[in-house]
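Q: Start counting the sequence shown at 0; every next residue gets the next number (numbering that gives the first Met the number 0). Just so you know, even glycine gets a beta-carbon here, dropped at the ideal spot from N, CA and C.
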Amino acid sequence: MAVEVKVPPFSESISEGTLVSIKKKVGERVERDEVLAEIETDKVVLEVNAQQAGVVTSLAKAEGDVVTSGEVILTMEPGSGGAPAPTEAPAPAATPTPAATPAPTPGPAPAPAPSVPPAADAHGPAVRKLAAEAGVSPAEVAGSGKGGRVTKGDMLAHLTTGPRGARVEQRVPMTRIRARIAERLKEVQNTAAILTTFNEVNMQPVMDLRKKYQDAFTKKHGVKLGFMSFFVKAVTEALKAYPVINATVDGKDIVYHAFFDIGIAVSTERGLVVPILRDADKMSLADIEKAIVAYGEKARAGKIGLDDLQGGAFSITNGGTFGSLMSTPIVNPPQSAILGMHA
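(1) Starting from Glu77, follow its DSSP beta bridges and name the residues at the other end.
(2) Can you list, in chain order, the residues of its chain whose CB lies under 7 Å from that of His122, leaving out five sequence neighbours each side?
(3) Give the secondary structure of Glu3 by DSSP, where H, G and I count as helix, E and B as strand, and everything else as coil.
(4) Rounded C-beta distance between Glu33 and Asn48? I'm assuming under 8 Å.
(5) Across which residues does DSSP place Leu18 in a beta bridge pair?
(6) Taking a contact to mean a Cβ-Cβ separation below 7 Å, would you say Asn201 touches Val273 in this structure?
(7) Check whether the segment 42 to 62 touches the segment 10 to 19, counting contact only when three or more Cβ pairs, one atom from each stretch, lie closer than 8 Å.
(8) Starting from the Cα of Gln309, find the closest Cα among Thr235, Ile193, Leu276, Glu268 and give me that residue.
(9) With a threshold of 16 other CB atoms inside 10 Å of the CB of Gly301, please say whether the residue is buried or exposed.
(10) Would you mind giving the Cβ-Cβ distance between Lys5 and Ile72, rounded to the nearest angstrom? I have them listed as a contact below 8 Å.
(11) Okay, do the segment 250 to 266 and the segment 285 to 304 touch, 3+ Cβ pairs below 8 Å being the bar?
(12) Evaluate the contact criterion for the segment 243 to 258 versus the segment 215 to 222: three or more CB pairs, one atom per stretch, below 8 Å.
(13) Report yes or no: is there a C-beta of chain B within less than 7 Å of the C-beta of Val187?
(14) Distance, Cα to Cα, Met340 vs Lys145?
(15) Please state if the CB of Ile337 and the CB of Ser323 are separated by a distance shorter than 7 Å.
(16) With DSSP as the reference, identify every bridge partner of Asn198, one or two as the case may be.
(17) Assuming the contact rule is C-beta atoms closer than 8 Å, Ala378 and Thr56 should be a hit. Round their C-beta distance to whole Å, please.
(18) Within 10 Å of its beta-carbon, does Asn317 have 16 or more other beta-carbons around it, so buried, or fewer, so exposed?
(19) For Leu18, does the count of other Cβ atoms within 10 angstroms reach 16, so buried, or fall short, so exposed?
(20) Please work out which residues of its chain come closer than 7 Å, Cβ to Cβ, to Glu20, disregarding the five sequence neighbours upstream and downstream, and give them in chain order.
(21) Secondary structure at Glu236, three-state DSSP: helix, strand or coil?
(22) Exposed or buried, which one is Val66 when buried takes at least 16 other CB atoms within 10 Å?
(23) Let me know if Thr190 comes out buried or exposed under the rule of 16 or more other beta-carbons within 10 Å of its beta-carbon.
(24) Apart from the five residues on each side of it in sequence, which residues of its chain come closer than 6 Å, Cβ to Cβ, to Ala285?
(25) Counting only runs that start and end within the segment 263 to 305, where is the alpha helix (DSSP H) found for 4 or more residues in a row?
Structure follows, in structure tokens:
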């Protein structure tokens, strides 16, 4: 009996998403828990996994389609999902040993087999999407990825580099995440009274402490001692001293929090996301550093979840890693404040 693979339920704040990739073609086998598709919402990228093994029989949607919860993406016929075991070939009949003959004169060495470029579907969904929009085949682009695969950077460089003197431009639809970021931040600018103040802090004691204990810290905890854990600790102490800031705005109400959930801005190819450190005041420096590394890896892999991004009353963004001297970061609604750390 055919099984329908459907779009998973979205959160209450999300009504639809974009099907950015379908991992399987009709006729291909699927293993249990294998990723079948990826759906980009305005907050995260959701993976659709196979609930059982089988074979894909039809595709109801195509990459780039807008989908809603419960819509059918593809159908599959359940089965083992494994390749059939090869049958053992019969042993060849014994043949008499031929008489020794003179060794033939060696001929010229055969020419090496030409390298085969990766198949078109071996490239990532971002590359295939850019190629389709620009009408370019990935085979035309020199790939710098593993096995000669074309990366998103390779494709962008190819599309934006033309003959000398050429005026090249490219039009690419904004991703849902980037569009939502722009919408939310512009909404804050329009509706909130934003004040930015600049203060100079002597970080030399922290720099000396990191230098003194870095090797021992890394050896013990398996993660480097960065600046962000000190920033988080400083913010939690400041929020304890000034609890009026540890609040969120809900309509015409202010909600004060007796716990300390801190947002950490993480930059990814898809856009800026702000995962939340829960109960940051109870975390050690090592716990904070490990959590930030884990969130960064999840965000860059597109595997960060909605629960990771919800909540928090205060955020920290570290523009100093990009060489920024100072900036005016925008508050992440419904939070009340954000701290920007710079050179």
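A: So, from the listed chains and residues:
(1) Taking the first residue of the sequence shown as position 1, residue 77 is located at position 78. According to the sequence displayed, residue 77 carries Pro and not Glu. Note: Pro77 sits in a beta bridge opposite Gly53.
(2) As a first step, residue 122 is located in the sequence shown; it is residue number 123 there, counting from the start. Answer for His122: Pro137, Arg148, Val149, listed in chain order.
(3) Mapped onto the sequence shown, residue 3 falls at position 4. Glu3: strand per DSSP, three-state reduction.
(4) Sequence index remark: in the sequence shown, residue 33 carries index 34 (1-based). Sequence index remark: in the sequence shown, residue 48 carries index 49 (1-based). That pair is a contact at about 7 Å.
(5) Residue mapping note: residue 18 aligns to position 19 of the sequence shown, counting from 1. Paired residue(s): Ile38.
(6) By one-based count along the sequence shown, residue 201 stands at place 202. By one-based count along the sequence shown, residue 273 stands at place 274. Cβ distance not < 7 Å, so Asn201 and Val273 don't count as in contact.
(7) yes
(8) Position 310 of the sequence shown, counting from 1, holds the residue named residue 309. When only C-alpha atoms are compared, the closest one is Leu276.
(9) Taking the sequence shown and counting its residues from 1, one reaches residue 301 at position 302. So Gly301 ends up on the buried side.
(10) Residue 5 sits at position 6 when you count from the first residue of the sequence shown. Residue 72 sits at position 73 when you count from the first residue of the sequence shown. Confirmed, Cβ separation roughly 7 Å.
(11) yes
(12) no
(13) Included in the structure is just one protein chain, with no chain B present.
(14) Here residue 340 corresponds to residue number 341 of the sequence shown, with the count starting at 1. Here residue 145 corresponds to residue number 146 of the sequence shown, with the count starting at 1. Rounded to whole angstroms, Met340 to Lys145 spans 36 Å at the Cα level.
(15) Reading the sequence shown from its first residue, position 324 is the one you call residue 323. Reading the sequence shown from its first residue, position 338 is the one you call residue 337. Against a cut-off of 7 Å, the Cβ pair of Ile337 and Ser323 comes out as no contact.
(16) On the sequence shown, residue 198 is found 199 positions in, with the first residue counted as 1. Paired residue(s): none; Asn198 is not in a bridge.
(17) Outside the displayed span of the chain (0 to 342) sits residue 378, for which this structure offers no information.
(18) One-based indexing of the sequence shown puts residue 317 at position 318. Result: buried.
(19) In the sequence shown, counting from the first residue as 1, residue 18 sits at position 19. Result: buried.
(20) Numbered from its first residue, the sequence shown carries residue 20 at position 21. The sequence as given places Ser at residue 20; Glu does not occur at that position. Hits under 7 Å: Ala36, Glu37, Glu62, Pro124.
(21) Locating residue 236 in the sequence shown gives position 237, where the first residue counts as 1. Reduced to three states, the DSSP call for Glu236 is helix.
(22) As a first step, residue 66 must be located in the sequence shown, where it is residue number 67. Burial call: buried.
(23) Residue mapping note: residue 190 aligns to position 191 of the sequence shown, counting from 1. Under this definition Thr190 is an exposed residue.
(24) As a first step, residue 285 must be located in the sequence shown, where it is residue number 286. Once the five neighbours on either side are set aside, the close Cβ partners of Ala285 are His220.
(25) 284 to 299
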